[in-house]
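This report concerns only the one structure given below.
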Amino acid sequence: MATSMQIGVRVFAILKERLGREELRVELPEGASVGALLVKLEESFPALGPYLERCMVSVNQNYEAKGAVIREGDEVALLPPVSGG
Amino acid sequence: MYRVTKDPIWVEEIEAWVKEPSAGAVVTFDGIVRNNAEGRAVRFLEYEAYPEMAEKCLGEIGEEVKRKWHLNKVAMVHRIGRLAIGESSIVISVSAPHRADAFAACQYAMDRVKESVPIWKKECFEEGAHWVNID
Chain A
1 MATSMQIGVR
11 VFAILKERLG
21 REELRVELPE
31 GASVGALLVK
41 LEESFPALGP
51 YLERCMVSVN
61 QNYEAKGAVI
71 REGDEVALLP
81 PVSGG
Chain B
86 MYRVTKDPIW
96 VEEIEAWVKE
106 PSAGAVVTFD
116 GIVRNNAEGR
126 AVRFLEYEAY
136 PEMAEKCLGE
146 IGEEVKRKWH
156 LNKVAMVHRI
166 GRLAIGESSI
176 VISVSAPHRA
186 DAFAACQYAM
196 DRVKESVPIW
206 KKECFEEGAH
216 WVNID
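Right, here's the structure in full:
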């Protein structure tokens, strides 16, 4: 039977302001993909709706595509389009 | 030197750090908070970072430009928090034996920062504020 994992997703800038917190908690099946995480986030946090499509996901401080796998204990973040400089 | 900091950036210190006896050129980009954006008066900017990843990305860009051009040293420092008009938000300083490499590497590094380093800018106007690129 597939076990589940708790993932903390750090959020920044506009996402942090709109959601009023720095980390979102979600439960996913062990070994879920970044794409599955995005679906779960959209279901769980409707306030992300307008922004999610333009966000990137990082896992252990590397940008990852939707097919990448997330493991329990990974450092995960949801990153809006960057605007440094 | 790859750093995200809440403190003011001192350009002279960074240039002193990149200077070496074998380097005949130092090129520095000093990014300054401007008093206007899209025709509106800006009061101040607020920058936020994912600091650990931002420093890692700055380091990756620094190593990339060292592979592409013949350089001595690369320093990239981005400031976060509330910045006033006229303050430096980012300084990139590159030393190289010859100027062409230093100019090219400095420009390329700055372009890469804009594309990929997880730092976000909020423009704060007389009335209202918005996060650049998304709000």
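If you read the sequences in order, they're chains A and B. Heads up, the first sequence stops at 85 in my numbering, and the numbers go up one at a time, no gaps. Heads up, the second sequence stops at 220 in my numbering, and the numbers go up one at a time, no gaps. Beta carbons are placed, not taken as given, at the ideal position from N, Cα and C, and that holds for glycine.
Interface residues of chain B facing residue i [CB-CB closer than 7 Å]
i        : result
Gln61(A) : Glu137, Met138 and Lys141
Interface residues of chain B facing residue i [CB-CB closer than 9 Å]
i        : result
Ile7(A)  : None at all; the shortest Cβ gap to chain B is about 16 Å.
Ala65(A) : What Ala65(A) touches in chain B: nothing, since even the nearest Cβ is about 14 Å away.
Gly77(A) : Note on identity: in this sequence residue 77(A) is Ala, with Gly being the wrong assignment. Ordered by position in chain B, the residues that pass the 9 Å Cβ test against Ala77(A) are Tyr135, Met138 and Pro203.
Residue i versus residue j - alpha carbon distance
i         : j         : result
Arg167(B) : Val111(B) : 29 Å
Ser44(A)  : Val26(A)  : 8 Å
Ser201(B) : Glu140(B) : 12 Å
Lys158(B) : Ile117(B) : 22 Å
Pro46(A)  : Ala13(A)  : 17 Å
Leu79(A)  : Leu19(A)  : 14 Å
Gln192(B) : Val57(A)  : 27 Å
Asp115(B) : Ile177(B) : 7 Å
Tyr135(B) : Gln61(A)  : 9 Å
Leu15(A)  : Glu105(B) : 43 Å
Ala126(B) : Gly84(A)  : 19 Å
Arg71(A)  : Glu137(B) : 20 Å
Trp216(B) : Ala36(A)  : 27 Å
Glu133(B) : Ile219(B) : 14 Å
Glu22(A)  : Arg10(A)  : 6 Å
Extent of the continuous beta strand (DSSP E) run through residue i
i         : result
Trp205(B) : Ile204 to Phe210
Ala214(B) : Ala214 to Trp216
Met161(B) : Lys158 to Arg164
Val112(B) : Ala110 to Ile117
Ala77(A)  : Val76 to Leu79
Val89(B)  : Tyr87 to Thr90
Endpoints, alpha helix (DSSP H) assigned at residue i
i         : result
Asp196(B) : Arg184 to Ser201
Ile170(B) : It is not in any alpha helix (DSSP H) - Ile170(B) carries neither H nor E in the DSSP assignment.
Pro136(B) : Pro136 to Lys153
Ile99(B)  : Val96 to Val103
Cβ shell of residue i (< 6 Å), same chain only, five flanking positions each side left out
i         : result
Glu95(A)  : There is no way to answer for residue 95(A), as the model of chain A reaches only from 1 to 85.
Glu131(B) : Arg167 and Lys207
Val197(B) : It should be noted that the sequence gives Arg, not Val, for residue 197(B). Excluding residues within five positions, the ones whose Cβ falls inside 6 Å are Ile146.
Asn120(B) : Val127 and Ile170
Tyr63(A)  : Met56
Amino acids of chain A, ordered along the chain, whose beta-carbon sits closer than 8 Å to that of residue i
i         : result
Val118(B) : Simply none; closest approach about 11 Å.
Glu98(B)  : Correct list: empty, because the minimum Cβ distance to chain A is about 20 Å.
Residues near residue i by beta carbon distance below 7 Å, same chain, minus five either side
i         : result
Lys40(A)  : Val26 and Leu28
Ala108(B) : Asn157, Ser180, Ala181 and Pro182
Phe188(B) : Val112
Partners in chain A for residue i, counting only beta-carbon separations shorter than 9 Å
i         : result
Val150(B) : None at all; the shortest Cβ gap to chain A is about 16 Å.
Val179(B) : Per Cβ cutoff of 9 Å: no residues; Val179(B) is ~16 Å from chain A at best.
Ile175(B) : Gly84 and Gly85
Met195(B) : Gly85
His163(B) : Gly84 and Gly85
Contact set between residue i and chain A, taken where Cβ atoms lie within less than 7 Å
i         : result
Val186(B) : In the sequence as displayed, the identity of residue 186(B) is Asp instead of Val. Under the 7 Å cutoff, chain A gives no residues; its nearest Cβ is about 22 Å from Asp186(B).
Glu212(B) : Under the 7 Å cutoff, chain A gives no residues; its nearest Cβ is about 17 Å from Glu212(B).
Glu133(B) : Phe12 and Ala13
Listed by chain order, chain B residues near residue i by CB distance under 8 Å
i        : result
Val82(A) : Lys199, Glu200, Ser201, Val202, Pro203, Ile204, Trp205 and Asn218
Spatial neighbours of residue i in its chain, beta-carbon cut-off 8 Å, leaving aside the 5 residues before and after
i        : result
Lys91(B) : Arg164, Ile165 and Gly166
#### Entry: alpha helix (DSSP H) runs contained entirely in the stretch 39-65 of chain A, provided each spans 4 or more residues
Fully contained in the stretch 39-65 of chain A are the following alpha helix (DSSP H) runs of length 4 or more, in chain order: 49-52.
### Message
Restricting to runs no shorter than 4 residues, where is the alpha helix (DSSP H) found entirely within the stretch 1-37 of chain A?
### Response
Within the stretch 1-37 of chain A, the runs of alpha helix (DSSP H) at least 4 residues long that lie entirely inside it are, in chain order, 13-19.
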